[in-house]
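Anchor point for the sequence shown: position 124 equals 105 in this note's numbering, and the numbering is continuous, going up by one each time.
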Amino acid sequence: MLAFTLFLVAVAIFIWYRQRKRRQSHVLHLRSQAMAIHMQQARNSAARPHGVSEQTKTKFKYFEFSSESQSLDVSGARPSWMQDLKDCPICLGDYQTGERLCALAPCRHVFHAGCIDEWLKSHQECPNCKVNLDHPGGEQDIEAAQSSVPIVEDEISIAIQRSMEEANRGEETKNA
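Structure follows, in structure tokens:
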């Protein structure tokens, strides 16, 4: 009986030891995978460009918002892109008189200066139209980006109109 008990204790210790080794090797494997993922992310983030160049920032127009800035450019002209200055697309705050705004060079989207400066520390594109500010693809890309939203709105309104017409036809056939 004593021999059987010693045998069971030895088997239990052996099983415990093997499971402990498996858990340790599994934890080491998970740690090495996590380290590999972390190293890959660090390499990717080092290769990815961060923010726009200082040279590009000099092309942006900074100006102070006032009731006149909705109709007059810094140079005194009446640009069409400043017609509807109401709120900042980044923070969604309304523009207030005296606030400093920034108009991006290629696409002419306007933002609070502080909002866009913070955005451009980690991005190279306009938050509205996604045009690359360091390497704009030309006027065609900018025009396409600016006109993409109305096209989507037109498609949505056409789809709504069609579904309403189909619903009306369905009601007419039920009533007839």
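All C-beta atoms, glycine included, are put in the ideal place defined by N, C-alpha and C.
heavy atom of the ligand ADP below 7 Å from residue i C-beta
i	result
ARG81	The ligand ADP is not part of this structure, which contains no ligands at all.
Beta-carbon proximity list for residue i, same chain, < 8 Å, skipping 5 on both sides
i	result
SER103	HIS31, GLY32
VAL55	Note that VAL55 has pLDDT 49, beneath the 50 cutoff, so the model's placement of it is unreliable and the number below is only indicative. Contacts found: LYS42, PHE44.
TYR(-2)	none
ASP68	GLY74, ASP75, TYR76
ALA(-16)	none
Contact belief for residue i with residue j at Cβ below 8 Å, rounded distance in angstroms
i	j	result
TYR43	ALA94	6 Å
Sequence-distant residues of the same chain with beta carbon closer than 6 Å to residue i, five excluded per side
i	result
CYS83	PHE41, TYR43, PHE92, ALA94, ILE97
ASN109	PRO70, HIS90
CYS88	CYS107, CYS110, VAL112, ILE123
LEU101	GLY32, VAL33
Per DSSP, the bridge partner or partners of residue i
i	result
HIS93	LEU82
PHE44	LEU82
ASP68	ASP75
GLU99	Its beta-bridge partners do not exist; DSSP assigns none.
GLU106	ASN113
Three-state secondary structure (DSSP) of residue i
i	result
ASP115	coil
GLN121	Note on GLN121: pLDDT 48, under 50, position unreliable in the model; no value is reported.
SER34	coil
THR39	coil
MET(-18)	coil
Beta-carbon contacts of residue i that lie in its chain and below 7 Å, excluding the five residues immediately before and after
i	result
VAL8	none
GLU147	none
GLN105	PRO30, GLY32, VAL33, ASN113, LEU114, ASP115
THR37	LEU114, ASP115
PHE(-5)	none
GLN0	none
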